[in-house]
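In this note's numbering, the protein residues as written are 133 to 531. Inspection log for the structure reproduced underneath, given as structure tokens.
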Amino acid sequence: MINKKLKELIYNDEDRIIKQRREIHQNPELAMEEIKTNDYIKKELESYDLEVKQLEPTGLIAEINPDRDGKTVLLRADFDALPIEETNDFDFKSKNPGKSHACGHDTHTAMLLAATRALIEIKDELPGTVRLLFQPGEETGDGGKAVVKQGVTKGVDSGFAIHIHTAFPLGYAATGYGETMAGNYFFEVNFKGKSAHGSTPYLGHDAIMMVNTFINEANAAMARKVDALNNPIVLNYGVISGGSVANAVASDAKLTASFRFFSNDAADEFLKELKRIADFSADMYGGSVEFNYNQGAGPVINEENSTDTAVKVAKEIFGEDKVMTDLKVAGSEDFGLLLAGFEDYEAMPGTYMAVGAKNPDDPSTFPVNHSQDFNPDESAFKNGALLLAQYAYDFLNEN
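Structural data, given as structure tokens:
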């Protein structure tokens, strides 16, 4: 059952939620560069008489009831923006050319600040600790890695994050059990061959043919070595470059690509296969290769108990028939690095939920996340804040 005091506090705070979101919206900063946003959040948290820990290079942690026995629940909001020029014309549009909060992280921050204020007011009713994480760099995955390395998941019994989303209607929420969002890897393959005149290609080592062989073999591996039903992988070639003139064999060629996955084990095996294919492709044409990769996000794997709590709370807020529980998409979110683990750092159980913000009566709210004119309905924010706060309340009181 929704805590009446929490709901009253947050609903009465709606104007402040919208005001703070707009303030953050006007001053977007890119991943791991969010200095002013970081300072804004820090000043706000300190005004609540919370002890705030600064993460590096940006990011913040604070706790409600830090010394209380019992469970610890983590609530997370990201606060980085995108390198996208905003085309909205409202008075709080981005002031920073080429940068905008086109994914709604400004709303996440404002909602978590509101949830924090409300939870502080009822902290005596919380039989445990609420850890508040304001995370940088979600869009690149660097933020998730940075905060995990700095120990934010240690001792956490459940973590919860939400994402405002205009793919879903206002008044709806969506989540899934287990594998819900994909992780991703970025990789670059640099082939080195030997140049020759186009009339005598046999005297060279064709780097473009190496790229061509790599693509063909990688596609074959997708078709024959990937369990498409149980451990699907989506491979995308983004950039190919090589050569300099039409009548010469290319001595160099580069491929930049990415793949998405739901299983860390499957991803590890596919990386090994890609490296083997790269070596094979270079060797076939007498060249050499350098294979580099970097993990962006980990798969979002929602833990059952945490998801049960989130679904129960969401149904109480939005209605029994307005909460989707079978969400599974190939998009990525670096909250998965906190849930599924990163290298040898400690992971935490938890769950992730989308909150709808598309108003069917207002076409200005139709553009999807990452659009230049992204404009989620502001009336969604109070329920997002309540969802965060009530999740913490329920998890601590029921576990």
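A virtual CB, placed ideally from N, CA and C, is assigned to each residue, including glycine. All of these numbers come straight from a predicted model, not from anything done at the bench.
Three-way DSSP call (helix, strand, coil) for residue i in this model
| i | result |
| --- | --- |
| Leu361 | coil |
| His295 | strand |
| Ile196 | strand |
| Thr332 | coil |
| Ala489 | strand |
| Pro495 | helix |
| Ser383 | coil |
| Asn529 | helix |
| Tyr172 | helix |
| Val366 | strand |
| Ala339 | helix |
| Leu438 | Just to set this straight, residue 438 is Ser in the shown sequence, not Leu. Three-state DSSP puts Ser438 in a helix. |
| Phe318 | strand |
| Ala350 | helix |
| Glu401 | helix |
| Val443 | helix |
| Tyr484 | strand |
| Val262 | strand |
| Glu448 | helix |
| Lys286 | coil |
| Tyr417 | coil |
| Gly473 | coil |
| Ile252 | helix |
| Ser179 | helix |
| Tyr425 | strand |
| Gly210 | Sequence inspection shows Asp at residue 210; the Gly mentioned does not correspond to that position. In the structure shown, Asp210 sits in a strand (DSSP, three-state: E or B). |
| Gln522 | helix |
Exposure of residue i, with buried meaning 16 or more beta-carbon neighbours within 10 Å
| i | result |
| --- | --- |
| Pro160 | buried |
| Val381 | buried |
| Thr497 | buried |
| Leu446 | For the record, residue 446 in the displayed sequence is Ala; it is not Leu. Label assigned to Ala446: buried. |
| Asp256 | exposed |
| Pro431 | buried |
| Ala462 | exposed |
| His337 | buried |
| Tyr284 | Reading the sequence as shown, one finds Val at residue 284 and not Tyr. Its Cβ being crowded by 16 or more others within 10 Å, Val284 is buried. |
| Val421 | buried |
| Ala379 | A quick correction: the sequence has Asn, not Ala, at residue 379. Exposed: under 16 other Cβ atoms inside 10 Å. |
| Val288 | buried |
| His297 | buried |
| Thr332 | exposed |
| Gln186 | exposed |
Alpha carbon of residue i to alpha carbon of residue j, nearest angstrom
| i | j | result |
| --- | --- | --- |
| Lys281 | Glu475 | 9 angstroms |
| Thr312 | Ala472 | 12 angstroms |
| Arg356 | Glu349 | 10 angstroms |
| Asn424 | Glu320 | 5 angstroms |
| Asp505 | Leu207 | 28 angstroms |
| Pro364 | Gly191 | 33 angstroms |
| Val279 | Met480 | 13 angstroms |
| Gly276 | Ile149 | 25 angstroms |
| Leu258 | Leu361 | 43 angstroms |
| Phe393 | Ile167 | 32 angstroms |
| Lys203 | Ile134 | 20 angstroms |
| Asp249 | Gly310 | A quick correction: the sequence has Arg, not Asp, at residue 249. Roughly 31 angstroms separates the two Cα atoms. |
| Asp359 | Asn434 | 21 angstroms |
| Gly488 | Glu448 | 15 angstroms |
| Asp494 | Glu217 | 22 angstroms |
| Phe450 | Asp212 | 28 angstroms |
| Ser373 | Asp384 | 8 angstroms |
| Asp181 | Lys137 | 20 angstroms |
| Val455 | Ala512 | 14 angstroms |
| Ala299 | Phe402 | 31 angstroms |
Proximity of residue i and residue j at Cβ, strictly below 8 angstroms
| i | j | result |
| --- | --- | --- |
| Val205 | Phe292 | yes |
| Gly419 | Lys490 | no |
| Phe318 | Asn426 | yes |
| Asn529 | Ala234 | no |
| Asp171 | Ala246 | no |
| Leu367 | Met354 | yes |
| Pro508 | Gly236 | yes |
| Thr483 | Ser438 | yes |
| Lys514 | Ile142 | yes |
| Leu129 | Leu214 | The structure shown does not extend to residue 129, since the chain is modelled only from 133 through 531, so no value can be given for it. |
| Leu459 | Ala306 | yes |
| Ser503 | Asn316 | no |
| Glu478 | Lys286 | yes |
| Ala524 | Leu469 | no |
| Val386 | Asn322 | In the sequence under discussion, the amino acid at residue 386 is Lys, which differs from the Val named in the question. A contact, by the Cβ cut-off of 8 angstroms. |
| Thr457 | Gly308 | yes |
| Ile409 | Phe346 | yes |
| Phe224 | Gln158 | yes |
Neighbour flag for residue i against chain C, beta carbons, 8 angstroms
| i | result |
| --- | --- |
| Lys386 | Absence of chain C from the displayed structure is noted, only one protein chain being present. |
Are the region 153–170 and the region 267–275 touching, with three or more C-beta to C-beta distances below 8 angstroms? yes
At least 3 beta-carbon pairs within less than 8 angstroms: the region 292–306 vs the region 237–245: yes
Contact between the region 330–344 and the region 410–419 (3+ Cβ pairs under 8 angstroms): yes
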